[in-house]
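Participant:
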Amino acid sequence: MNEALLALGREFAALYSSIGRPSFPPEKLLRAMLLQAILFDPLGGLLMEQLEYDLLFRWFVGIGIDGVAWDHSVFSKNRDRLLEGSIAAKFLNAVLAQPKVNTLLSTDLRARSASGKVARCGHVTNSGSQPTVY
Numbered sequence: 007m008n009e010a011l012l013a014l015g016r017e018f019a020a021l022y023s024s025i026g027r028p029s030f031p032p033e034k035l036l037r038a039m040l041l042q043a044i045l046f047d048p049l050g051g052l053l054m055e056q057l058e059y060d061l062l063f064r065w066f067v068g069i070g071i072d073g074v075a076w077d078h079s080v081f082s083k084n085r086d087r088l089l090e091g092s093i094a095a096k097f098l099n100a101v102l103a104q105p106k107v108n109t110l111l112s113t114d115l116r117a118r119s120a121s122g123k124v125a126r127c128g129h130v131t132n133s134g135s136q137p138t139v140y
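For the sequence shown, this note's numbering assigns the number 7 to the initial residue and increments by one for each residue that follows.
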């Protein structure tokens, strides 16, 4: 995952605005979205609760001990904004292209992910012919 984030560094830099309020860091947001997918938490409420008090979650996302955890509505709005662009799909494809990750996934899921059907980080069930993405 770190390699994928580094590879997309220039694209992240383009997302930051030089005016207005500080931008929501897309790197941290993508890490949080990955945790949201792992937790099978389509609405993000459980993730926001975990970020309030769980140091491991805070470390993974990049929020310091004394940092402020995000508000659920702010997270949702920024997550949706990031998903509207192409950066989330590029990140997922960069993660899936890594050899360490590639060997852990089934061929069926890799084929669907590469075709863009599972481009949104969400709950994916691999039991039927179509993935369930929230």
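Ideal placement from N, C-alpha and C gives every residue a C-beta, glycine not left out.
Taking 7 angstroms as the cut-off, decide whether the C-beta atoms of residue 81 and residue 36 are in contact.
Facilitator: No.
Participant: For a quick check, are the C-beta atoms of residue 6 and residue 53 less than 7 angstroms apart?
Facilitator: No answer is possible for residue 6: it lies beyond the span of the chain, which begins at 7 and ends at 140.
Participant: Hey, quick one: how far does the alpha helix (DSSP H) through residue 82 stretch, first residue to last?
Facilitator: Element bounds for residue 82: 78–90.
Participant: Am I right that residue 56 and residue 50 are in contact with their C-beta atoms under 8 angstroms? What's the rounded C-beta distance?
Facilitator: Between residue 50 and residue 56 the Cβ distance is about 10 angstroms, and since that is not below 8 angstroms, they are no contact.
Participant: According to the Cβ coordinates, are residue 106 and residue 68 closer than 7 angstroms?
Facilitator: No, Cβ-Cβ distance for residue 106 and residue 68 is not below 7 angstroms.
Participant: Could you give the distance in angstroms between the alpha-carbon of residue 11 and the alpha-carbon of residue 99?
Facilitator: Cα-Cα distance, rounded: 11 angstroms.
Participant: Using the Cβ count rule (16 or more neighbours within 10 Å means buried), how would you classify residue 15?
Facilitator: Under this definition residue 15 is an exposed residue.
Participant: Tell me, to the nearest whole angstrom, how far the beta carbon of residue 88 is from that of residue 95; I am working on the premise that it is less than 8 angstroms.
Facilitator: Incorrect: roughly 10 angstroms between the Cβ atoms, too far for contact.
Participant: Residue 58 and residue 75 - do their beta-carbons sit closer together than 7 angstroms?
Facilitator: The answer is yes: Cβ separation under 7 angstroms.
Participant: Quick one: what does DSSP say residue 31 is sitting in, helix, strand or coil?
Facilitator: Note: residue 31 maps to coil in three-state DSSP.
Participant: Could you give the distance in angstroms between the alpha-carbon of residue 79 and the alpha-carbon of residue 85?
Facilitator: Their backbone Cα atoms lie some 10 angstroms apart in a straight line.
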